[in-house]
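So the structure is just underneath, and the comments pick up after that.
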Amino acid sequence: MTIKKVILLSLMGLILTFNTVNAHSQSISLIKKGSSLNDILKDLRVTYGYDFFYPEGLINNTNRFDISIKNASINEVLDKVLKANALDYSITKNIVVIKPGPTFRQQSLIQGKVIDETGNPIAGATVTHVDSKSTTTTDGQGFFKLVNLPIKGKILISYLGYEKREISAAANLGNIVLKASSAELEAVEINIGYGRRKAIDLTGSVTRVTEAELEGAPPHADIASMIQGKAAGVNVMIANGAPGAGVSVMIRGNTSLTGNSQPLWVIDGVPQYNVNNNDIGQLLYDYNINDIESVDILKDASSTAIYGSRAANGVIIVTTKSGKKFKKPQIDVSYNQGIQVQRDNFRTLNSDEFKVVVTDAARNFFASSGIKGTGAMLTLIDETKVVPGVEIDYFSAPLLATAFFDGQTNWWKEMTRNAVERKLDVSLRGGSDASNYYISVGLPQQDGIIKGSSRRGFSGRINLDSKIANNFLVGLMVNGSNSDLNNKDNMIDKIWNFRPDFPMYAADGKIFDPGYNEESPLTALKNRDLSSRRGLNGSSFIQFTPNKNLVFKSSVSINYNLTVTDRFAREGTVNSTHKGQANISQSESSNWAFENTVKYNRLFNNIHDLDLLGGFSMERGNFKTFATGVQNFPDQDIMTNLTSGTTPLKPTSNNYSTALVSAFTRLNYKLYDKYLATFTFRADGSSRFGPDKRWGLFPSAAVAWILSKEGFMKNLNADVFNLLKLRGSYGVSGSQVLGNNDWRTLYGAAQFEEQPGFAPNQLGNADLRWEETLTKEIAFDYGFFKNKLSGSIGFYDKLTSDIIYNKSIPSSSAFISVKQNIATIQNRGMEFFIDYNVFRKKDMSLSINFNIAHNKSTVEKINGVDKFLDLYAGNALAIRMQEGQPMGQWYGFKWTGRYYQSMEEYNLLSSMNPTTGAKIWYQNGLGSIRPGDLKFEDVNKDGIVNNDDMVPLGTSQPNYFGGFGTNFRKGNLSLTLNFTYSTGSLRYWFTNSQNWYGNGLYLRNYPDYVLDSWSPDNRQSQWPRMSYGQGSSNIFSDYWLSKADYLKLSQIRINYRLPDKWAQRNLKGGLDFSGSVSNVFVLTNYNGIDPEGNFRLAGGATGMGTDFGTYPTIRSFNLSVRYSLK
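Here it is in structure tokens:
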């Protein structure tokens, strides 16, 4: 501004002053919060008709402040808003001239940085110059500036969850430390579905995982894996180490006989559907962890009932980041790169060891059975060297020259690698008084440790909201994703089992083919198994707020996913009799929802606090599948697309839809700020059920009492007892875990003698009812010593009735089963967690946390005559669901703890039928018994071991599980450790039990521990005999069950942040470096591959407790850098 312009404006003001009306009589009411001077002048111009003149740039750097004026004159308003910025004015009629005040040039800059006690910046803190009422907010790095203000008076800093602080004004205030408020729960707001509520006002059981707890996620992680061990009662199991591997999340026990106990995931208000073999993990990879602001886990009926028919297994609400009001644009760029190695040292036999083991096992079998080895694949002994009728020594008889091959192949070394993973993230975030925005892009890449396996992904997000009028807010949240997987999971079985004496290539240069139904790992490597997933998930809303108590909101959301798989199996693939086969399949799903809610909140007489929600929603889902294929290709290296095959396969397709209509309401009531009550009701109508069973009703109620706010607590030390809250809840939630048309009898297209037609393919049951879960809970929340020590302990009882399962029916019906409501399961348990801030100083802090949960699942009722259900793992009866017994109860033979040492010992156990004189064998029907076989217990003492002696052996469900961790900070350096643990479960190592399934002994390799198998010279071995031909050792028994107790250091992470002043001065932003190790170590006595992984999500109730050895767990080492530019 030039002196000439100032003089000109001043003269204009003097001239106008001569014509001034002495006092403008118009009354003005103005209520604004955090507004700029420009915004306030705009309101005065639009609403009251004033025009303002001022030099260019004069009001650009003025401060924001709050103003509340009613029925004031224009002079009173201008005195308040202009003089606070050292500006003066003159007014003539409706024309106001603004000019620098007499102290304008004496004003200066007040600046500083707001941090917490651990040194981390606090973004969005409110900074107020008390004398002038001018305000501003801190940026993403905690910095703030107040301009054109006198450097005197007081500065007040406040932020949600922290104690307010008032200090004397100065030009440079440096770092201003805010202490966490002892009433932190008063400030933290939790997402409870269709709204938010302060943590202290919750009546239900909700656990939050914060953005800080998700930091440092390696590129291969998804949301579910990062909450492992961080929430009491939430059992997270990672299926295996393959790229894009699935994750199981179970909240407060198993409620399903099919193994589908996954919770409902709600991301930015949009429910995510679990449609992929009980595995929602693939869908969760669509979302970038760096976009997530918080994860709220709803566990009890009071919290979950608002989602009604989908909430029996709990609800996980994910909230992504958004722009912040008055936040300057901030760009964050991060890059993470790491290397993955196999965590477990699992070794198989080399070629020489294999020959010794197989030879001894075969001779052992021959010697005990008298067989001379005429089997086509086990012609080991050269019978031409054996004299007929002359007793031979099978342990020294000569072998055929063709018994073994001359290969020396370490298949594990040849087919695996140390794999690289990387991820680039870029985001832009900011906001103004009217609009906020968050935009991000993520590019994850992961190579698997099995050669050829990989994942390439992309995710992009746009979150926008804008105030389009005084009472209207609109918003848009869109997430687009792409994921390409190269699947090599099926190679693991080939790598571990293919014989080490087989060469990689035959003499003609082709992949070696042993000539029987075994597949070379090289064939599996060259086979094609690709899957491509495209996802678009988004929602938009419009919100109308006619007054501060009432909010109307309408939203529409879409969830679209397209998955295409492309497979090619070469000649030599197991079970393939063709010269190559190609298959392509496609599945497409689209779900849309339209929701309308109204919220009313009001405080009456500072006593009665009422928060009422009502809503209505409609959802519809459409699903399409298509598959086709072709066989026999002239070339299996290049010409492998569908058009190159000569024998087409019959294509298949499917198309179906679902619908859900809902009405819901929730009332939160608070009396005297210490007595709380919540009442929730939802009604759902689903097309998954028949017309007479379509509607389900889900009510709940909860109460809480904040004892620490009672008068009788005032006599106690307030610094010691910060929070004492007793709460209880009771309610019903539901589950619709069944097919979309299970209630219908369906017909499918079929052909008979090349004539098209229809044939029945499903028997429907129109009487199917909703699965309902009745949950009761009582809990106690506490906080002591200014909340340095805080946590909760709770007990729950969860009864799930009308569980749906395939019930066997007579074959005369032309069907083998039909869906029925057949069972009731009860889960009872306890949850406990504690957080302890050991100390929090300006330059140093230490905190620890611990949680533990106990859950017991019991089968309360099974409809039918037998009162039990038998389930299978692999090819063996393994689990029996029986009334009064635990869920996941292993069922089989009980090992006596020893082996048969000789045939004489076994023969002595035989008895004679007193009527017929025939011998009755001890292990009748359990295979040919030989020395070194397992000896099972005759439970009913009838002298025979048969199926009547099968008994419960233990459960696959853990008795206790949880996690703990610590965070230490010294200056700008921080160290974080996270542990998980589990105890009390038994796992069935299925792959290991098959090592003693004798018919394939000569065809496959084995783990090196078989070197300690039973032999006449090794009678105290760890493992039973190796033998050709099926014996009794592989029969399911507790011998094959192993305690799966473990303690795992899930992650260790070190982070260093460059000093803010130096980084801001030299780099114009903040810079962080971090290093982390995931799956650092596991302490366990489990004798399998992994005490928690290698299960199958689609394996039903047995799949979670069975170790299939599908893909080894990985350990990753990662380095990352993050730069923030403001």
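For the sequence shown, the residue numbers in mature numbering (1 follows the signal peptide of the UniProt record, and there is no 0) are -23 to -1, 1 to 1103. For glycine and all other residues, C-beta sits at the position ideal for the given N, C-alpha and C. Here the structure is a predicted model, which is why all the values come from computation and not from measurement.
Bridge-paired residues (DSSP) for residue i
| i | result |
| --- | --- |
| Ala559 | Phe545, Val607 |
| Asn524 | Leu527 |
| Lys444 | Leu450 |
| Tyr284 | Bridge partners of Tyr284: none, in fact. |
| Lys601 | Glu565, Asn632 |
| Val533 | Ser517, Phe571 |
| Thr296 | Ser271 |
| Asp329 | According to DSSP, which records beta bridges pairwise, Asp329 is partnered with nothing at all. |
| Val697 | For Val697, which the question treats as bridged, DSSP gives no partner whatsoever. |
| Ala736 | Gly725 |
| Phe656 | Leu644, Ala678 |
Straight-line gap, residue i to residue j (C-alpha atoms, nearest Å)
| i | j | result |
| --- | --- | --- |
| Pro787 | Lys833 | 34 Å |
| Pro240 | Ile5 | 54 Å |
| Asp744 | Thr114 | 60 Å |
| Gly437 | Arg1099 | 18 Å |
| Gly894 | Asp994 | 37 Å |
| residue 1119 | Gln319 | Absent from the model: residue 1119. The displayed extent of the chain is -23 to 1103, so no value can be given. |
| Leu539 | Leu59 | 58 Å |
| Pro737 | Tyr724 | 4 Å |
| Asn254 | Val714 | Residue placement at Asn254 cannot be trusted, given a pLDDT of 43 that sits under 50; the coordinates are not used to answer. |
| Gln862 | Gly592 | 42 Å |
| Phe489 | Ala338 | 26 Å |
| Gly172 | Glu166 | 10 Å |
| residue 1107 | Tyr1033 | Missing from the structure shown is residue 1107; the chain here goes from -23 to 1103 and no further. |
| Pro628 | Ser639 | 38 Å |
| Trp720 | Asn742 | 4 Å |
| Phe381 | Glu330 | 12 Å |
| Ser517 | Met454 | 6 Å |
| Phe809 | Tyr707 | 19 Å |
| Gln971 | Leu988 | 16 Å |
| Asn15 | Gln205 | 49 Å |
| Leu653 | Asp178 | 7 Å |
Exposure label - residue i; buried when at least 16 CB within 10 Å
| i | result |
| --- | --- |
| Thr620 | exposed |
| Arg1002 | buried |
| Leu1048 | buried |
| Ile144 | exposed |
| His585 | exposed |
| Leu580 | exposed |
| Val815 | exposed |
| Ala147 | exposed |
| Thr1090 | buried |
| Asp478 | buried |
| Thr968 | buried |
| Met858 | buried |
| Thr379 | exposed |
Inset, instruction - Examine the Cβ distances between the segment 237 to 248 and the segment 285 to 298 and report whether three or more of them are shorter than 8 Å. - result: yes
Legend entry - Meets three-Cβ-pair contact criterion under 8 Å: the segment 793 to 809 and the segment 216 to 224: no
Inset, instruction - Would you check if there are 3 or more beta carbon pairs closer than 8 Å linking the segment 1061 to 1071 to the segment 1017 to 1026? - result: yes
Inset, instruction - Check whether the segment 522 to 534 touches the segment 421 to 439, counting contact only when three or more Cβ pairs, one atom from each stretch, lie closer than 8 Å. - result: no
Inset, instruction - Taking only runs that begin and end inside the segment 137 to 220, name each unbroken beta strand (DSSP E) of 3 or more residues, in chain order. - result: 142 to 145, 149 to 154, 166 to 168, 173 to 175, 183 to 187, 211 to 215
Legend entry - At least 3 beta-carbon pairs within less than 8 Å: the segment 678 to 685 vs the segment 696 to 714: yes
Legend entry - contact_flag[the segment 957 to 969, the segment 1031 to 1043] where n(CB pairs < 8 Å) is 3 or more: no
Legend entry - Every unbroken alpha helix (DSSP H) inside the segment 927 to 1007 [4 residues or more]: 967 to 970
Inset, instruction - Determine contact between the segment 181 to 193 and the segment 263 to 270, defined as no fewer than three beta-carbon pairs at a distance below 8 Å. - result: yes
Legend entry - Stretch-stretch touch, CB-based, cutoff 8 Å, three pairs: the segment 920 to 927 with the segment 866 to 883: yes
Inset, instruction - Please go through the segment 43 to 96 and give each complete beta strand (DSSP E) segment of 3 or more residues, from N-terminal end onward. - result: 64 to 69, 72 to 77, 85 to 92
Legend entry - Complete runs of the beta strand (DSSP E) confined to the segment 765 to 818 [at least 3 residues]: 766 to 785, 794 to 817
Legend entry - Contact the segment 561 to 568 vs the segment 593 to 608: 3+ CB pairs below 8 Å: yes
Legend entry - the segment 126 to 134 in contact with the segment 97 to 109 per 3-pair CB rule at 8 Å: yes
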